[in-house]
Amino acid sequence: MENQVALAAGGGQMRNGGGVTNSDDERKLFIGGLSWETTEKDLREHFNKYGEVESVNVKTDPNSGRSRGFAFLVFTEVAAVDKTIAAGDHIVNGKKVDPKKAKARHGHGKIFVGGIKPELSDEDITKFFGQFGTIIEVEMPFDKVKNQRKGFCFITFEEESVAKDLVKTPKKTINGTEVDVKKAIPKQDSMNQGWGQQGGWGNQYGGWNQQQGYGYGGYDYSGYGAYGYGQYGGYNNYSNYSYPGYTGYGGYNQGYTTQQQQ
Numbered sequence: 075m076e077n078q079v080a081l082a083a084g085g086g087q088m089r090n091g092g093g094v095t096n097s098d099d100e101r102k103l104f105i106g107g108l109s110w111e112t113t114e115k116d117l118r119e120h121f122n123k124y125g126e127v128e129s130v131n132v133k134t135d136p137n138s139g140r141s142r143g144f145a146f147l148v149f150t151e152v153a154a155v156d157k158t159i160a161a162g163d164h165i166v167n168g169k170k171v172d173p174k175k176a177k178a179r180h181g182h183g184k185i186f187v188g189g190i191k192p193e194l195s196d197e198d199i200t201k202f203f204g205q206f207g208t209i210i211e212v213e214m215p216f217d218k219v220k221n222q223r224k225g226f227c228f229i230t231f232e233e234e235s236v237a238k239d240l241v242k243t244p245k246k247t248i249n250g251t252e253v254d255v256k257k258a259i260p261k262q263d264s265m266n267q268g269w270g271q272q273g274g275w276g277n278q279y280g281g282w283n284q285q286q287g288y289g290y291g292g293y294d295y296s297g298y299g300a301y302g303y304g305q306y307g308g309y310n311n312y313s314n315y316s317y318p319g320y321t322g323y324g325g326y327n328q329g330y331t332t333q334q335q336q
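Counting from 1, position 90 in the sequence shown corresponds to residue 164 in the numbering used here; the numbering is continuous, with no gaps.
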């Protein structure tokens, strides 16, 4: 199966060249698995060997400013994308990264993980859930007042089936700490099934609707992130998540809800 990352409808910027109209999306890569220290300069230097790089955008958490572990890179030519994929493994800053073609598609799976104690690191969480399937995004809400990570996160998997299998067992143990695992669904969708109250997930993501990037404007990764990718993007408004009955996780009750196992 071709390495591709799903995008939401909306398309990329159009550019004219020699009478040919070409969408960004055809020249765009999603790059996951980045180390937290990797910069746009690092990515530009690495991928320049496959073709001229037009732009690089490392996605960051709007609250903490920390990298989400993934980025979008646009080449000036479509052929560079194919060269990159065909090149095999890519190592940036000593870490294997995961470049994929960006293509309009849906079908990822997102889960909510609650009850995360401070002693569990981001790496502990990512490593644990990464054994079940390819992670597109890990979203770690950050409490700026307490200057610490909140007690829950969102993880998006490349395959929806992984998320479905995980929520069949609502309790998981990571390094001796028990956490809750629930299915995360757009609150707007949950309204049709009796969950949630108002809100919607379309334009409140601050991340999937602004630039074209997985949760950042045109890329629908509502379901992708161990890289912090989910819709690959960024849910930069955590108040859009509704977890009825889970107020201990932070009381995000405006846009997303969890779904109990059915």
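Just so it is clear, CB atoms sit at the ideal spot from N, CA and C, and this is done for glycine as well.
Treat the numbers as computed from the prediction; the structure is a model and nothing was measured.
CA nearest to the CA of residue i, picked from the options
i	options	result
E151	E100, Q205, D135 and D172	E100
K123	I105, T158 and I199	T158
V340	N167, V255, K201 and A154	No statement about residue 340 is possible, as the shown extent of the chain runs from 75 to 336 and does not include it.
F146	P173, G250, I248 and T251	P173
P192	N221, D239 and T208	N221
D156	K245, F121 and I248	F121
A160	L103, I229 and E128	L103
D69	I248, C227, E211 and F203	Because the chain here runs from 75 to 336, residue 69 falls outside it and cannot be looked at.
C227	S235, E233 and L194	L194
E211	K115, V148, V132 and T247	V132
Sheet register partners of residue i (DSSP bridge)
i	result
A160	Answer is none; A160 lacks a bridge partner.
A153	The partner list for A153 (beta bridge, DSSP) is empty, contrary to what the question assumes.
T251	I248
T208	Its beta-bridge partners do not exist; DSSP assigns none.
E213	F228
V130	L147
R223	F216
S235	Beta-bridge pairing links S235 to no other residue.
S141	T134
Run of the alpha helix (DSSP H) containing residue i, from where it starts to where it stops
i	result
T338	No answer is possible for residue 338: it lies beyond the span of the chain, which begins at 75 and ends at 336.
I199	D196 to G204
Where the beta strand (DSSP E) through residue i begins and ends
i	result
N167	Note, N167: premise wrong, no beta strand (DSSP E); not H, not E.
K184	G183 to G188
- Query: Of all the beta strand (DSSP E) runs that stay within the bounds of the region 96-122, which reach a length of 3 or more residues?
  - Reply: Counting whole runs of 3 or more residues, the region 96-122 contains the beta strand (DSSP E) stretches 102-106.
- Query: Touch check for the region 137-146 and the region 214-221: three-plus C-beta pairs under 8 Å?
  - Reply: At 8 Å Cβ cutoff, the stretches touch.
- Meets three-Cβ-pair contact criterion under 8 Å: the region 182-199 and the region 101-109: Cβ pair count under 8 Å is below three, so no.
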